[in-house]
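Working notes, beginning with the structure itself.
So this is what it looks like as structure tokens:
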């Protein structure tokens with residue numbers, strides 16, 4: 002283990018004063034598919050992928066890792082030789098190879114800060130500015146090119162327009178529309194500072210920021226959380242499967258270090274986890290659906306009130322206003338809130354109150370604890386509560402099947418990649434609904 006890696010991991014190393022170290026996670030992933038490809042990969046030599054290879058060589062990592070393309074045609078980082086568990090893969094000086102936000106800046110979001118820095122970096126690289134270091138020139142060259150197909154459904158205005166009124170996933174549509182609004186709103190704000198800024202230029206920057214940023218947290222709580230764009234590290238791909246993860250990262254104020262967490266054979270793809278996200282998140286912002294995702298879930302109801310109203314009118318076939326029902330539903334809500342309620346600020350009043358939001362099915366088709374408790378309290382019988390949840394799952398699947406023609410019609414104007422992405426996401430969701438017994 003090198004002195005840099007040893008210091009950040011807390012292992013004493015001569016001549017190194019680490020200060021406080023940071024551990025964190027990737028805010029969002031880059032747009033590469035989460036496929037773990039080891040010795041079976043078709044790896045293109047890093048020497049043919051410039052300027053990524055120049056970045057790795059400048060970091061002194063060229064003999065350990067190379068940029069290549071796996072069997073699926075996805076760019077990533079691969080072991081140039083066999084790597085041992087605990088061995089540093091990348092040791093990246095943040096000052097020379099990173100763009101970070103200022104946590105103390107309260108007038109501008111972290112994404113706007115990083116987006117502005119990316120715009121300036123791209124312009125300096127195009128102008129061949131003498132002030133731009135060789136390190137950042139190589140980093141600029143490794144970023145996606147403006148005008149290339151946008152990774153992620155939410156990053157493509159055509160997808161947003163086509164799917165907003167047709168996609169039968171309300172939470173995904175809401176997130177997609179919210180993100181699109183954030184991009185246009187922040188663009189309007191940036192234009193007041195830079196009248197030469199083009200919308201497509203800002204969209205490009207926001208796509209990169211929201212697909213390549215790392216969240217660096219101080220595990221001691223001494224310093225505020227930072228967001229950072231890290232050259233070379235953002236070439237690493239994601240996997241949602243814990244057994245496929247083979248590297249991790251830590252950072253202090255000076256270095257960002259990626260190390261192997263297990264032995265990696267030569268040509269094995271280096272993979273880590275960006276975070277516990279659902280298929281919808283990856284499809285919207287990163288342009289893929291994981292091959293396997295234990296963190297996936299399907300929403301049964303948006304909240305407890307909606308769930309209990311459905312139970313009353315659909316399952317029990319009792320009209321609203323029937324004697325005793327409102328009182329009983331409030332009792333069930335309050336009982337469930339005590340165990341599963343989370344505090345949320347009401348946007349209209351600014352007041353905090355406890356709500357029950359996590360009414361969902363897991364990847365294996367098992368209902369969340371809040372959903373089970375809600376219906377067990379309402380039904381007074383565990384077995385019957387299971388039947389009620391299964392009924393809801395079948396209802397949702399049937400609704401998805403019935404809406405498929407409308408979704409396909411909306412997809413017709415989109416690229417084949419976007420069409421397949423939505424279809425794969427919907428099929429995964431229907432598969433989960435089918436697992437409920």
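Numbering (my numbering), first residue to last: 2 to 438.
Glycine included, each C-beta is placed from N, C-alpha and C at the ideal position.
Apart from the five residues on each side of it in sequence, which residues of its chain come closer than 7 Å, Cβ to Cβ, to residue 174? Taking the chain shown and counting its residues from 1, the one referred to as residue 174 is at position 173. Only 164, 165 and 168 meet the Cβ criterion.
So what does DSSP say about residue 77, is it helix, strand or coil? By one-based count along the chain shown, residue 77 stands at place 76. In the structure shown, residue 77 sits in a strand (DSSP, three-state: E or B).
Reducing DSSP to helix, strand and coil, say where residue 286 ends up. For the purposes of this step, residue 286 is identified with residue 285 of the chain shown, where counting begins at 1. Note: residue 286 maps to helix in three-state DSSP.
Which of helix, strand or coil does DSSP assign to residue 169? Looking up residue 169 in the chain shown gives position 168. If DSSP states are grouped into helix, strand and coil, residue 169 belongs with coil.
Sort 435, 427 and 423 by Cα distance to residue 155 and report the nearest one. For the purposes of this step, residue 155 is identified with residue 154 of the chain shown, where counting begins at 1. Out of 435, 427 and 423, 423 has the C-alpha closest to the C-alpha of residue 155.
Do residue 93 and residue 209 have their C-beta atoms closer together than 8 Å? Here residue 93 corresponds to residue number 92 of the chain shown, with the count starting at 1. Here residue 209 corresponds to residue number 208 of the chain shown, with the count starting at 1. Inclusion of residue 93 and residue 209 in the CB contact set at 8 Å is not warranted, their separation being larger than that value.
Under three-state DSSP, which class holds residue 363? For the purposes of this step, residue 363 is taken as residue 362 along the chain shown, with counting starting at 1. Note: residue 363 maps to strand in three-state DSSP.
I'd like the span of the beta strand (DSSP E) that includes residue 441, first residue to last. Limits of the chain in this structure are 2 at one end and 438 at the other, which puts residue 441 out of reach.
Residue 85: which of 262, 276 and 338 sits nearest, CA to CA? Position 84 of the chain shown, counting from 1, holds the residue named residue 85. Ranking the options by Cα distance to residue 85, first place goes to 262.
Roughly how many whole angstroms lie between the Cα atoms of residue 344 and residue 177? The residue labelled residue 344 in the question sits at position 343 within the chain shown. The residue labelled residue 177 in the question sits at position 176 within the chain shown. Rounded to whole angstroms, residue 344 to residue 177 spans 24 Å at the Cα level.
Hey, out of 124, 151 and 81, whose CA is closest to residue 140's CA? Residue 140 sits at position 139 when you count from the first residue of the chain shown. For residue 140, the nearest C-alpha among the options comes from 124.
If you draw a straight line from the C-alpha of residue 330 to the C-alpha of residue 396, how long is it? If you number the chain shown from 1, residue 330 lands on position 329. If you number the chain shown from 1, residue 396 lands on position 395. Rounded to the nearest angstrom, the two C-alpha atoms are 22 Å apart.
How about residue 57 and residue 258: are their beta carbons less than 8 Å apart? Mapped onto the chain shown, residue 57 falls at position 56. Mapped onto the chain shown, residue 258 falls at position 257. Residue 57 places its beta carbon 8 Å or farther from that of residue 258.
Classify residue 440 as buried or exposed, calling it buried when 16 or more other Cβ atoms lie within 10 Å of its own Cβ. The requested residue 440 does not occur in the structure, where the chain is confined to residues 2 to 438.
May I ask which residues mark the beginning and end of the alpha helix (DSSP H) holding residue 329? Reading the chain shown from its first residue, position 328 is the one you call residue 329. Unbroken alpha helix (DSSP H) run through residue 329: 326-341.
Can you give me the start and stop residues for the beta strand (DSSP E) that residue 215 sits inside? Locating residue 215 in the chain shown gives position 214, where the first residue counts as 1. Taken as a continuous stretch (DSSP letters only), the beta strand (DSSP E) holding residue 215 covers 215-219.
Go to residue 354, then tell me how far its beta strand (DSSP E) extends in each direction, as first and last residue. Indexing the chain shown from 1 puts residue 354 at position 353. Taken as a continuous stretch (DSSP letters only), the beta strand (DSSP E) holding residue 354 covers 353-356.
Span of the beta strand (DSSP E), counted from its first residue to its last, around residue 249: As a working mapping, residue 249 is identified with position 248 in the chain shown. Unbroken beta strand (DSSP E) run through residue 249: 248-252.
Between residue 337 and residue 378, how many whole angstroms is the CB-CB distance? I'm expecting something under 8 Å. The residue you call residue 337 lines up with position 336 of the chain shown. The residue you call residue 378 lines up with position 377 of the chain shown. Residue 337 to residue 378, Cβ: 6 Å. Contact.
Helix, strand or coil for residue 265? Go by DSSP, reduced to three states. Taking the chain shown and counting its residues from 1, one reaches residue 265 at position 264. Reduced to three states, the DSSP call for residue 265 is strand.
Around the Cβ of residue 60, are there at least 16 other Cβ atoms within 10 angstroms (buried) or fewer (exposed)? Here residue 60 is taken as the residue at index 59 of the chain shown, counted from 1. Around the beta carbon of residue 60, 16 or more other beta carbons lie within 10 angstroms, which makes this residue buried.
Measure how close the beta-carbons of residue 273 and residue 316 come, nearest whole angstrom, since I'm counting them as under 8 Å. Counting from 1 along the chain shown, the entry for residue 273 is found at position 272. Counting from 1 along the chain shown, the entry for residue 316 is found at position 315. Not a contact, Cβ separation roughly 44 Å.
Extent of the continuous alpha helix (DSSP H) to which residue 421 belongs: Stepping through the chain shown from its first residue, residue 421 is reached at position 420. For residue 421, the enclosing alpha helix (DSSP H) stretches over residues 417-435.
First through last residue of the alpha helix (DSSP H) which encompasses residue 124: On the chain shown, residue 124 is found 123 positions in, with the first residue counted as 1. 111-127 is the span of the alpha helix (DSSP H), which, as asked, contains residue 124.
Burial state of residue 151, where buried means 16 or more other Cβ atoms lie within 10 Å: Looking up residue 151 in the chain shown gives position 150. With a threshold of 16 other beta carbon atoms within 10 Å, residue 151 meets it and is buried.
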